[in-house]
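Notes for the one structure printed next.
Protein chains in written order, with our numbering: chain A, 5 to 395; chain B, 5 to 332; chain C, 11 to 194; chain D, -7 to 168.
Written as structure tokens, this is what we have:
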């Protein structure tokens, strides 16, 4: 169990194992700084070890695992349907995307049909959840940049969305409301009315957000040309989601590998070419509008019917032997679930591909040579959810 | 030694200092409340509401809490420097007020070098922050201290230059003379003649007091709390009080230099003075709750590439016109 | 960049700052969005999930609909439900009063494991919820063959000890029945 | 046909698997296959370990930006002392995925610049996701079609992967 060998080459250095290992390659007269695991702008328990020359970052290394919960092992030990409760907690900000990934992986493996109405409900709820996630990111990111007020405005809208989503899901944050073959509850006419009211309200709010923040000269100065990701770099690191779309690649799983009924909707994929933090910011803000457009179309075309396939399995059940991979577009990028089944009532292996992990792995390269303030801006622009990284 | 042998000036000074201390303490507490209320209403929530009517006594309760807290010195810190720093931050503040004319004959010290006195004591603040950051034995505090020093050095220059423009125009460093030089109506104020100097002064004063968007030495989301990180209880409280008091000082000076001081129609002078001062303070508070924080290099660029050249140009023009029209 | 462009950029930057102040200024005078919690409460929690509770039968306010199949306990991801049952004695087995409900869900083609619905409903002697490990996923509610569980509206539930969250739901059902009886 | 291509084995997983082509390779070929996929515009989605009866399987999932396809590269490593060359010099993003797999399955990635545990505090023995010998599934059961091997067989995606080897990937840098 003792990981550090007895003859520790690092002994005599300060800090824990990671800091000692990091300090081995330190330059002379540089400052080793631990940003996190408790730091206001690492959004949870991410720890980044920085080697600094004054305010400039020479080198950095993220240290993960502070909120590791071994979701993959839990997946092997519980029935298929029980795993939905975990899916609400991997990425708590876009829980429904993970719900969908898990439902989709199992449905693909077992060949479970999902009724059209359930598909539409899934789309509406997931997109509402995506807006919620982007709004929280917006507020928290500006908090990182020193503007305290926007997060409160974001929460005004978030509250409304959570009120709407609460009806079909019963929760406000850690949703676990998808099931194999459908969703747990139907949506009512009141839900439709409130969702439409939200669609009517949001453009005005977004205009206010842009007035307050996006046009601000200080913000533009902070974000433009900071943390530029080019396409080759994004490919080598497997970056997805707004990080990739900020680099000029129109790659969105909803369009590239359409799942559910996303092929029935007409929506544009927001893309920015600059690749800097401002581009990622802009992509996320535009995605809120895209999601609103999708919700509007889904509400218009909402078919009648079951919200749950009557033939779908309930309780503990056994899918056929086999494997399946299912990808969905989460708020942070491509969520993928690989599932291998051995024909028992628990999965043989569940592998969760979390977009935040791949996106964060860009950080050491992006942060090199930037100021500490830039590092905060870059870290925020990657939109990290630490529980999703550590899983 | 009889009572008569004490010079009148000394008595006046002592009384003024005591009164000013009370003024600063009361204002510090009130500004804390106002700031939180403004923040609350800007963010569409009530702000402090539970202690007293509309949370009026919240700041008092907070002060009581701070006083009651244990003062802890971090391991490896230099205790003398560490504890002298908050005192040093607060000590010069009452001295800065003594030359400020709050109204007709309402000042602590008769001096014809009022501006010089204020500006020289203002320099103490950065020394205090530097000591606090250094003595804390904390890397974040140290970074905050380094930022504080660089920022103060960069912004003192355009600040001085913009003040100098007013002094050139008036031909005096005496705050009372400068006030007397202006009238009661806005078009008679110096700001009407020197809008650029006022703008530069205002930006620099926000930066000098380390208020958002120039709060880099504190920079909550970058440096956790910068120089404040290791301070507990009243150590933290005094540094905060000094910060609010500094905000008051720069607003007072701006009122005197640019907004006509205590001059104003109908109402007695001190009311006008306070009204103008609080207006500026409110503006500074609003700015804090609106803008993101600037980056360090942008902060320095703003000073060296914009404010300093503009202030120099402004000073040159002022000198030229002052000479042309025979000065004051 | 020409001198004019530089100054133009600076001026538009300044303008963006005043626009920002305008936004916060207008919001300053707008009504508040929050409520003062202990004195006021939000009215949107009707669909919010509180801890689960048992549903009584239509005839008897004191008897739970639960048939003691134990599916809820088996499906619970956090093992926070314990159902104590007793095989009914022949004398007490009054199927007319306590019938086996038809399963509310059609038996799907994938099913392999429960419910092995007992031909005669078992007598439920205790139903315990360990709420502090519950994740409110709703599997028990959705899969109950008798429709005997629902979410309560007890969303402001707070307690001083861990024991306060270990709830005997049958006792709770009785308390609720008492209260309802007194109200009537 | 290059030497590498002749060593690759292809299989078509069923539609339900969400994977279009499975490549089976031996562990020493992983960097060259990865290098070829990078040159052809694929990105690495994830690396998944899998404890099978025949050995520890490593699944590298690759996808593209322009087409909805997914290729899985399967590598089977022995249970005793599983080792695989790293691909972090080709896909730097793989470094963390490899460290994670190393945490969970005890697989050593040779040539990696950083081998500290990523998510777990210390190396656990046995690794947390490895299964007891009696509980392992056979690869023949999970991948019944994996036995089909051979050339592209007219499959356009397979043609693309097997044909045109391009420049072979550089050998991993030797690290002390």
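Virtual Cβ for every residue (Gly too), placed ideally from N, Cα, C.
- With a contact defined as Cβ atoms closer than 8 Å, residue 287 of chain A and residue 274 of chain A qualify at about 5 Å.
- The C-alpha of residue 226 of chain B lies about 31 Å from the C-alpha of residue 39 of chain C.
- Among the residues of chain A, those whose CB is under 9 Å from the CB of residue 297 of chain B are 149, 150, 151, 222, 226 and 377, following chain order.
- Contact of residue 87 of chain C with chain A by beta-carbon distance below 7 Å involves 82, 86 and 89.
- In the structure shown, the three-state DSSP call for residue 168 of chain C is coil.
- Residue 127 of chain D sits in a helix when the DSSP states are folded into three classes.
- Assigned with DSSP and collapsed to three states, residue 35 of chain A falls in strand.
- Annotation: residue 254 of chain B to residue 309 of chain B spans about 23 Å, alpha carbon to alpha carbon.
- Residue contact with chain C for residue 362 of chain A: absent (no Cβ-Cβ distance below 7 Å to any residue of chain C).
- Residues are counted here when their Cβ sits less than 8 Å from a Cβ of chain A; for the region 299 to 310 of chain B these are 299, 300, 301 and 302, given in chain order.
- Under the criterion of beta carbons closer than 8 Å, residue 48 of chain D and residue 97 of chain D qualify as touching, at roughly 6 Å.
- In the DSSP annotation of this structure, residue 269 of chain A is not part of any alpha helix (DSSP H), being labelled neither H nor E.
- Under DSSP, residue 60 of chain A takes part in a beta bridge, and its partners are A:57 and A:375.
- What residue 30 of chain C touches in chain A, judged by beta-carbon distance under 7 Å, is 216 and 220, going in chain order.
- Listed as beta-bridge partners of residue 54 of chain D by DSSP are D:36 and D:63.
- Residue 377 of chain A and residue 300 of chain B have their C-alpha atoms roughly 8 Å apart.
- By the neighbour-count definition (other C-beta atoms within 10 Å, threshold 16), residue 167 of chain C is an exposed residue.
- The C-alpha of residue 284 of chain B is placed about 17 Å away from the C-alpha of residue 183 of chain B.
- The Cβ-Cβ distance between residue 100 of chain D and residue 75 of chain D falls below 7 Å.
- Of all residues in the region 152 to 174 of chain A, those with a C-beta nearer than 7 Å to a C-beta of chain C are 153, 160, 167, 170, 171 and 174, reading in chain order.
- Within chain C, not a single residue places a beta-carbon under 7 Å from that of residue 40 of chain A; the smallest gap is close to 27 Å.
- Residue range 120 to 148 is occupied by the alpha helix (DSSP H) that includes residue 130 of chain A.
- Interface criterion met: the Cβ of residue 45 of chain A is under 7 Å from a Cβ in chain B.
- If you keep only unbroken beta strand (DSSP E) runs of at least 3 residues inside the region 274 to 360 of chain A, you get 326 to 333, 338 to 345 and 353 to 357.
- A Cβ-Cβ separation of about 6 Å places residue 133 of chain D in contact with residue 325 of chain A under the 8 Å criterion.
- Among the residues of chain D, none has a CB under 8 Å from the CB of residue 107 of chain A; the nearest is roughly 14 Å distant.
- At least one CB atom of chain B sits nearer than 7 Å to the CB of residue 37 of chain C.
- Here DSSP, grouped into helix, strand and coil, assigns residue 162 of chain B to helix.
- For residue 121 of chain A, the closest alpha carbon among the candidates A:104, A:83, A:311 and A:268 is that of A:311.
- Residue 116 of chain B is classed as exposed because its beta carbon has fewer than 16 other beta carbons within 10 Å across all chains shown.
- Partner residues in the beta bridge of residue 43 of chain D, as assigned by DSSP, are D:48.
- Close partners of residue 8 of chain D in chain A (Cβ separation under 9 Å): 112, 113, 114, 115, 324, 326, 327 and 328.
- Taking 7 Å as the cut-off between beta carbons, the residues of the region 65 to 80 of chain A near chain D are 68, 69, 72, 74, 76 and 77, in sequence order.
- Nearest CB-CB separation between residue 241 of chain A and chain D: below the 7 Å threshold.
- Under the three-state reduction of DSSP, residue 138 of chain C is assigned to strand.
- No Cβ of chain D is located within less than 7 Å of the beta carbon of residue 308 of chain A.
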